[in-house]
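Chemist: Residue numbers (this note's numbering): 127 to 522.
(1) Determine, using beta carbons only, whether residue 460 and residue 520 come nearer to each other than 8 Å.
(2) So for residue 209, helix, strand or coil by DSSP?
(3) Let me know the secondary structure DSSP gives residue 176 once reduced to three states.
(4) Does the segment 328-340 come into contact with the segment 274-294, if we say contact requires no fewer than three beta-carbon pairs (one atom in each stretch) closer than 8 Å?
(5) Is the number of C-beta pairs between the segment 134-150 and the segment 409-419 that are closer than 8 Å three or more?
(6) Ignoring anything shorter than 4 residues or poking outside the segment 254-284, list the alpha helix (DSSP H) runs there in chain order.
(7) Taking the CB atoms as reference points, tell me whether residue 277 and residue 257 lie closer together than 8 Å.
(8) Tell me the DSSP secondary structure of residue 136 in three-state form.
(9) What separation, rounded to the nearest whole angstrom, lies between the Cα atoms of residue 164 and residue 208?
(10) I think residue 427 touches residue 398, with their Cβ atoms under 8 Å apart; what is that distance to the nearest whole Å?
(11) Taking 8 Å as the threshold (C-beta atoms), are residue 345 and residue 491 in contact?
(12) Just the C-alpha distance for residue 288 and residue 456, rounded to the nearest angstrom, thanks.
(13) Give a yes or no on whether the C-beta atoms belonging to residue 218 and residue 178 are separated by under 8 Å.
(14) Bridge partners of residue 360, per DSSP?
(15) Does the distance from the C-beta atom of residue 369 to that of residue 319 stay below 8 Å?
(16) Nearest CA to the CA of residue 497: which residue from 132, 196, 153?
(17) With a CB to CB cut of under 6 Å and the five nearest residues on each side skipped, what residues in its chain are close to residue 396?
(18) Okay, do the segment 432-452 and the segment 466-475 touch, 3+ Cβ pairs below 8 Å being the bar?
(19) What residues match up with residue 406 in a beta bridge as DSSP calls it?
(20) So who's on the other strand from residue 454, going by DSSP bridges?
(21) Short of 8 Å in beta carbon distance, which residues of its chain neighbour residue 181, apart from the five on each side in sequence? Order them along the chain.
(22) Measuring only the C-alpha atoms, how far is residue 247 from residue 433?
(23) To the nearest angstrom, how far is it from the Cα of residue 272 to the Cα of residue 509?
(24) Taking the DSSP output, what are the residues bridged to residue 141?
(25) Find out if the Cβ-Cβ distance for the pair residue 149, residue 327 is shorter than 8 Å.
(26) Where does the unbroken beta strand (DSSP E) through residue 442 begin, and where does it stop?
(27) Do residue 314 and residue 232 have their CB atoms nearer than 8 Å?
(28) If you scan the segment 176-251 from start to end, which runs of the beta strand (DSSP E) of 3 or more residues do you find wholly inside it?
(29) Can you tell me whether residue 130 is helix, strand or coil according to DSSP?
(30) Do we get a CB-CB distance below 8 Å when we pair residue 161 with the residues of chain B?
(31) When the Cα of residue 353 is compared with those of 445, 202, 161, which residue comes out closest?
(32) Under three-state DSSP, which class holds residue 349?
(33) Measure the Cβ-Cβ separation of residue 151 and residue 226 and say whether it is below 8 Å.
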């Protein structure tokens with residue numbers, strides 16, 4: 127049987143590892159040697175789960191979307207991460223990582239953000255735990271996600287605008303890593319997605335696995351079985367997707383479906399479809415699939431979605447795609463906008479632009495009427511209203 131989880135060297139098949147500057151070796155090694163024991167400890171789990179319940183509002187609802195189900199001819203359940211405090215799945219990870227940082231004696235937090243949801247979640251938990259934080263965000267994303275920028279500032283975070291490169295998520299990660307290199311002793315980097323050097327992809331996967339843990343319990347209550355036929359989630363770096371898949375990775379009877387950001391088309395220069403268009407390389411400390419030129423220069427990604435606008439992919443998702451365990455669709459901007467309007471008008475739920483990408487896969491699949499489908503709505507669409515309105519002609 128194939129193993130889809132990380133091995134002791136930090137790899138998922140051929141992907142993963144820790145390719146880092148020497149100055150960060152001590153930091154990542156300290157984290158690698160400490161994280162599993164801390165996360166698995168009774169004290170950590172007790173505090174983490176209490177806060178997930180009382181502060182975040184978990185378990186998030188598993189909602190059977192009757193009108194969407196009727197349209198696509200299956201029982202479609204939406205895992206409502208958009209109902210979490212701060213409006214997305216990102217809070218699950220930020221909360222766990224700040225508890226980890228505190229137990230490791232760190233006193234300052236840094237993070238990167240694209241769509242702003244991870245930045246808001248990090249600023250939120252830093253306010254909760256009375257810790258200073260700096261959030262790096264590309265200036266392009268600052269302009270298109272202004273409501274989240276103001277939320278971060280209101281929560282007390284310093285938002286550091288990044289003007290290098292395409293001024294999007296990749297560049298924000300670059301700046302956060304530079305900061306970490308300059309302050310390795312007291313600073314903890316809360317990585318927002320299942321990317322980066324080992325052990326970050328595994329830390330994020332463990333903390334987001336609460337999603338699939340809840341799905342198993344909730345499905346059993348609603349359908350009499352604890353597994354779906356299809357599990358669906360959008361993927362940029364891949365944190366909500368690995369959280370959705372985590373407890374089903376070895377159950378090959380469950381089809382794993384992901385959607386990446388095709389932009390204007392995976393075969394055009396304007397795309398963030400890393401799995402469709404990328405090749406093996408090193409990005410932000412791990413070996414994975416990335417958008418790059420023939421001589422290894424990173425190609426600037428493009429997507430209507432700030433949260434999927436990343437030139438790489440989490441190593442676990444590169445592995446799932448390469449082994450065929452997950453089926454990956456490339457969804458273009460117009461398809462995502464159309465799907466967002468469809469969910470809004472059928473179910474009264476406005477999804478984040480990121481989540482809209484996986485919703486756009488529904489018409490591409492052929493379901494049986496007794497199929498059970500679980501689709502994770504990773505975030506709510508408040509932050510994307512101006513973007514939706516700007517492109518509403520695509521929904522007609």
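Glycine included, C-beta positions come from ideal geometry on N, C-alpha and C.
Modeler: By the coordinates alone:
(1) The residue given as residue 460 occupies position 334 in the chain shown. The residue given as residue 520 occupies position 394 in the chain shown. In contact: residue 460 and residue 520 (Cβ atoms closer than 8 Å).
(2) Locating residue 209 in the chain shown gives position 83, counting from the first residue. Here residue 209 sits in helix by DSSP.
(3) The residue given as residue 176 occupies position 50 in the chain shown. DSSP places residue 176 in helix when its eight states are reduced to three.
(4) no
(5) yes
(6) 265-270, 272-280
(7) For the purposes of this step, residue 277 is taken as the residue at position 151 of the chain shown. For the purposes of this step, residue 257 is taken as the residue at position 131 of the chain shown. No, these two residues do not count as a Cβ contact at 8 Å.
(8) Within the chain shown, residue 136 is the residue found at index 10, counting from 1. Residue state, collapsed to three classes: coil.
(9) Sequence index remark: in the chain shown, residue 164 carries index 38 (1-based). Sequence index remark: in the chain shown, residue 208 carries index 82 (1-based). Straight-line Cα distance between these residues: approximately 28 Å.
(10) The residue given as residue 427 occupies position 301 in the chain shown. The residue given as residue 398 occupies position 272 in the chain shown. So it is a contact: roughly 4 Å between Cβ atoms.
(11) Position 365 of the chain shown holds residue 491. Position 219 of the chain shown holds residue 345. Against a cut-off of 8 Å, the Cβ pair of residue 345 and residue 491 comes out as no contact.
(12) Here residue 288 refers to the residue found at position 162 of the chain shown. Here residue 456 refers to the residue found at position 330 of the chain shown. Looking at the two C-alpha atoms, the distance is approximately 28 Å.
(13) Residue 218 sits at position 92 when you count from the first residue of the chain shown. Residue 178 sits at position 52 when you count from the first residue of the chain shown. Yes; because the gap between Cβ atoms is below 8 Å, this pair is in contact.
(14) Taking the first residue of the chain shown as 1, we reach residue 360 at position 234. Looking at the DSSP assignment, residue 360 forms a beta bridge with 385.
(15) If you number the chain shown from 1, residue 369 lands on position 243. If you number the chain shown from 1, residue 319 lands on position 193. No; because the gap between Cβ atoms is not below 8 Å, this pair is not in contact.
(16) Here residue 497 refers to the residue found at position 371 of the chain shown. In terms of Cα proximity to residue 497, the closest of 132, 196, 153 is 196.
(17) By one-based count along the chain shown, residue 396 stands at place 270. Result list for residue 396: 389, 390, 428, in chain order.
(18) no
(19) Within the chain shown, numbered from 1, the residue matching residue 406 stands at position 280. Residue 406 is bridged to 415.
(20) The residue labelled residue 454 in the question sits at position 328 within the chain shown. For residue 454, which the question treats as bridged, DSSP gives the partners 384.
(21) Locating residue 181 in the chain shown gives position 55, where the first residue counts as 1. Hits under 8 Å: 211, 221, 254.
(22) As a working mapping, residue 247 is identified with position 121 in the chain shown. As a working mapping, residue 433 is identified with position 307 in the chain shown. Roughly 14 Å between the two C-alpha positions.
(23) Along the chain shown, read from residue 1 onward, the residue named residue 272 stands at position 146. Along the chain shown, read from residue 1 onward, the residue named residue 509 stands at position 383. Spanning the two alpha carbons is a distance of roughly 8 Å.
(24) For the purposes of this step, residue 141 is taken as the residue at position 15 of the chain shown. BP columns for residue 141 point to 138.
(25) Translated into positions along the chain shown, residue 149 becomes position 23. Translated into positions along the chain shown, residue 327 becomes position 201. Not a contact, by the Cβ cut-off of 8 Å.
(26) As a working note, residue 442 is residue 316 in the chain shown. Not the beta strand (DSSP E): residue 442 falls in the alpha helix (DSSP H), residues 441-448.
(27) Locating residue 314 in the chain shown gives position 188, where the first residue counts as 1. Locating residue 232 in the chain shown gives position 106, where the first residue counts as 1. Yes, the Cβ-Cβ distance between residue 314 and residue 232 is below 8 Å.
(28) 188-190, 201-206, 234-239
(29) The residue labelled residue 130 in the question sits at position 4 within the chain shown. Residue 130: coil per DSSP, three-state reduction.
(30) The displayed structure is made up of one protein chain only, and chain B is not part of it.
(31) As a first step, residue 353 is located in the chain shown; it is residue number 227 there, counting from the start. Nearest option by C-alpha distance: 202.
(32) Looking up residue 349 in the chain shown gives position 223. Reduced to three states, the DSSP call for residue 349 is helix.
(33) Position 25 of the chain shown, counting from 1, holds the residue named residue 151. Position 100 of the chain shown, counting from 1, holds the residue named residue 226. It is not a contact, given that the beta carbons lie outside the stated cut-off.
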